[in-house]
Amino acid sequence: MYLRSYTPVAILSTICGTTAQLVNPTNETFGNVFNFWSKTTDGWDLTRGNSTSAITLPMPHPAGNVTIQPASSALVIIDMQNFFLHPDLGGDPLGRALVPTTIDMIHAFRANGMKVFWTNWGLTDFDLMSMPPAFFRDFSSDGTSGSSLGSDMGMIQGNISVGRKLMRGSWNAQPFGDLFDEQVGGVANGTDFYFNKNRLSGMWGSSTPMQTFLQDNMITTLFFGGVNIDQCVWGTLLDAYYKGYDVVLVDDISATTSPAAATGMVDFNAALNGWRANSSDILPALM
Ligand SMILES: *[C@@H]1O[C@H](CO)[C@@H](O)[C@H](O)[C@H]1NC(C)=O
Ligand SMILES: *[C@@H]1O[C@H](CO)[C@@H](O)[C@H](O)[C@H]1NC(C)=O
Ligand SMILES: *[C@@H]1O[C@H](CO)[C@@H](O)[C@H](O)[C@H]1NC(C)=O
Ligand SMILES: *[C@@H]1O[C@H](CO)[C@@H](O)[C@H](O)[C@H]1NC(C)=O
Ligand SMILES: *[C@@H]1O[C@H](CO)[C@@H](O)[C@H](O)[C@H]1NC(C)=O
Ligand SMILES: *[C@@H]1O[C@H](CO)[C@@H](O)[C@H](O)[C@H]1NC(C)=O
Numbered sequence: 049m050y051l052r053s054y055t056p057v058a059i060l061s062t063i064c065g066t067t068a069q070l071v072n073p074t075n076e077t078f079g080n081v082f083n084f085w086s087k088t089t090d091g092w093d094l095t096r097g098n099s100t101s102a103i104t105l106p107m108p109h110p111a112g113n114v115t116i117q118p119a120s121s122a123l124v125i126i127d128m129q130n131f132f133l134h135p136d137l138g139g140d141p142l143g144r145a146l147v148p149t150t151i152d153m154i155h156a157f158r159a160n161g162m163k164v165f166w167t168n169w170g171l172t173d174f175d176l177m178s179m180p181p182a183f184f185r186d187f188s189s190d191g192t193s194g195s196s197l198g199s200d201m202g203m204i205q206g207n208i209s210v211g212r213k214l215m216r217g218s219w220n221a222q223p224f225g226d227l228f229d230e231q232v233g234g235v236a237n238g239t240d241f242y243f244n245k246n247r248l249s250g251m252w253g254s255s256t257p258m259q260t261f262l263q264d265n266m267i268t269t270l271f272f273g274g275v276n277i278d279q280c281v282w283g284t285l286l287d288a289y290y291k292g293y294d295v296v297l298v299d300d301i302s303a304t305t306s307p308a309a310a311t312g313m314v315d316f317n318a319a320l321n322g323w324r325a326n327s328s329d330i331l332p333a334l335m
């Protein structure tokens, strides 16, 4: 993914030369000179050669523990927005129940110098001009396109203007409950970063704001939570995996309104794509 000049495990002997080859390849190294993991005695080293301040996180058996580089790691919180969670909008109680644990994870990541990402629906009128029909259908509330993405959602509680459906800057697109203050404060402090997305995945297509940020900041290792586990969380995790990032699904900060089989599929495949853990596995190692 990136060429790091100091990589000790595998260095191109001649950059851009016809004799370029891997130096010191071993069967304990997986990947390529730009993007690699190394096996450790109890799991996997994902630091890609920068072991400064590395942290080992226990992962549930039998996945193998992971050693991560905090400066290259981020917590990705997906779609914990009023639109999906607020009770007055018919939001998901299972999603609301994740908030305290999600905040514990946010605080632990910040305390260890790991970035927090807010990856949320945040459409512009330009996005709507090229939005495919399936998306308008899926987000219609009355079967007509007039109630779909971009439509005015009116008022609730007599004084809250819900705003246009999932549009950037609207109240309905804001993080829900106590997460809103966390997001605003974290972004102001520079520990957190906010990324708008215009599909289920925050990493789709040739690039997105989140992907550009990952590349610019050499971030490789992503921990995922949010709603819905089988839709926007899964879509973003899977695209990140396709593009070469390390993916860890955090079960107890993820939920869905879909039938249990949908979570079963995600759980099975996320364990193959990367790792699955609960915050209770991770938090003690971050204290
Ligand atoms: C790597 O594994 C292959 C197949 O088991 C073996 O032939 C080779 O000698 C090993 N290479 C190293 C450097 O250990
Ligand atoms: C992972 O780390 C935990 C806690 O340090 C340890 O008990 C466990 O044995 C490790 N896992 C493996 C596969 O070695
Ligand atoms: C290596 O890790 C340290 C500690 O996390 C970080 O400050 C530094 O920027 C990293 N170096 C590179 C070249 O990424
Ligand atoms: C909105 O109305 C509720 C009572 O329904 C009140 O508690 C709240 O403070 C009001 N908010 C604003 C911003 O006026
Ligand atoms: C922002 O930084 C200040 C000063 O370090 C800290 O007291 C506050 O808790 C931080 N807020 C958030 C949301 O991280
Ligand atoms: C997370 O905890 C739940 C509830 O205890 C458990 O069912 C699930 O298997 C755990 N996930 C992992 C990856 O261990």
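For this note's numbering, add 48 to where a residue sits in the sequence shown, where the first one is 1. Every residue, glycine too, gets a C-beta built ideally from N, C-alpha and C.
Considering only the beta carbon of each residue, do residue i and residue j sit closer than 8 Å?
{"i": "L214", "j": "N220", "result": "yes"}
{"i": "F165", "j": "A102", "result": "no"}
{"i": "V296", "j": "G322", "result": "yes"}
{"i": "N83", "j": "G292", "result": "yes"}
{"i": "T100", "j": "M128", "result": "no"}
{"i": "F272", "j": "F243", "result": "no"}
{"i": "S188", "j": "S178", "result": "no"}
{"i": "M4", "j": "Q259", "result": "Since the first residue shown for the chain is 49 and the last is 335, residue 4 is missing from the structure and cannot be characterised."}
Distance check for residue j and residue i, CA to CA, integer angstroms please.
{"i": "V124", "j": "Q117", "result": "16 Å"}
{"i": "G138", "j": "N130", "result": "10 Å"}
{"i": "P180", "j": "G91", "result": "43 Å"}
{"i": "F183", "j": "E76", "result": "44 Å"}
{"i": "I204", "j": "R212", "result": "13 Å"}
{"i": "Q263", "j": "F241", "result": "14 Å"}
{"i": "I301", "j": "R96", "result": "27 Å"}
{"i": "S327", "j": "M153", "result": "7 Å"}
{"i": "N317", "j": "Y289", "result": "11 Å"}
{"i": "T74", "j": "T268", "result": "22 Å"}
Leaving aside the five residues before and after residue i along the sequence, list all residues of the same chain whose C-beta is less than 6 Å from its C-beta, in chain order.
{"i": "Q222", "result": "N130, F228"}
{"i": "D175", "result": "N246"}
{"i": "S218", "result": "G211, R212"}
{"i": "L105", "result": "V114, I330, A333"}
Roughly how far, in whole angstroms, is the beta-carbon of residue i from the beta-carbon of residue j, given that I think they are within contact range, below 8 Å?
{"i": "N399", "j": "T256", "result": "Nothing can be reported for residue 399, as the shown portion of the chain is limited to 49 through 335."}
{"i": "A325", "j": "V298", "result": "6 Å"}
Compare the C-alpha of residue i against each of the options and name the closest.
{"i": "L270", "options": "V81, T115, K87", "result": "T115"}
{"i": "Q279", "options": "I208, M107, A310, M266", "result": "A310"}
{"i": "L320", "options": "G112, W169, F82, S188", "result": "G112"}
{"i": "A145", "options": "M335, A303, P307", "result": "A303"}
{"i": "A236", "options": "M201, L94, K163", "result": "K163"}
{"i": "S249", "options": "G79, D287, P135, G198", "result": "D287"}
Could you pull out every residue in the same chain whose Cβ sits closer than 8 Å to the Cβ of residue i, ignoring the five residues on either side in sequence?
{"i": "F132", "result": "G139, D140, G143, F224, V275, N276"}
{"i": "R216", "result": "G170, L171, T172, N244"}
Considering only residues of the same chain and omitting the five flanking positions on each side of residue i, which have a CB-CB separation below 7 Å?
{"i": "I208", "result": "W219"}
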